[in-house]
Amino acid sequence: MNIGRFSHTASVLPNGKVLVTGGYDAFSAMNSTELYDPSTGTWQMTSHMNYARGSHSASVLKNGNVFVAGGLDSIGLNTSELYESSQINQ
Numbered sequence: 100m101n102i103g104r105f106s107h108t109a110s111v112l113p114n115g116k117v118l119v120t121g122g123y124d125a126f127s128a129m130n131s132t133e134l135y136d137p138s139t140g141t142w143q144m145t146s147h148m149n150y151a152r153g154s155h156s157a158s159v160l161k162n163g164n165v166f167v168a169g170g171l172d173s174i175g176l177n178t179s180e181l182y183e184s185s186q187i188n189q
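If you want our numbering, it's the position in the sequence shown, counting the first as 1, plus 99.
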């Protein structure tokens, strides 16, 4: 990964790549996301989430989109975000 993190999510996409969202660095929740390509062993930064969040959930939907929900920043979050497969650098 380009940025060390914990309490993040890692979602396997239909194309085999892995989308890593949010989590915490040593100090706070993060809104950054990264894409891992196991065929090349490389990491790429992708578009940021609207909200920094860690300890959240993420699910890959049938259409390949990724639904990210809840979690914490300094308080519990009641927000969600949808990563459309066209937004994710594939």
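Each residue gets a CB set at the ideal place from its N, CA and C atoms; glycine is no exception.
Option in 128, 103, 148 with minimal Cα separation from residue 187
148
Please report how far the alpha carbon of residue 152 lies from the alpha carbon of residue 136, in whole angstroms.
23 Å
Determine the burial state of residue 167: buried for a count of at least 16 other Cβ atoms within 10 Å of its Cβ, exposed for fewer.
buried
Tell me which residues share the same chain as residue 124 and place their Cβ nearer than 8 Å to its Cβ, disregarding the 5 neighbours each side in the sequence.
102, 103, 104
Buried or exposed: residue 122, going by 16 or more other Cβ atoms within 10 Å of its Cβ?
buried
Within a Cβ cutoff of 8 Å, which residues of the same chain sit near residue 156, ignoring the five residues on either side of it in sequence?
108, 167, 168, 169, 170
Nearest candidate by alpha-carbon position, reference residue 115, set 177, 179, 141
141
Quick check on residue 139: does DSSP put it in helix, strand or coil?
coil
Mind checking residue 100: buried by the 16 CB within 10 Å criterion, or exposed?
exposed
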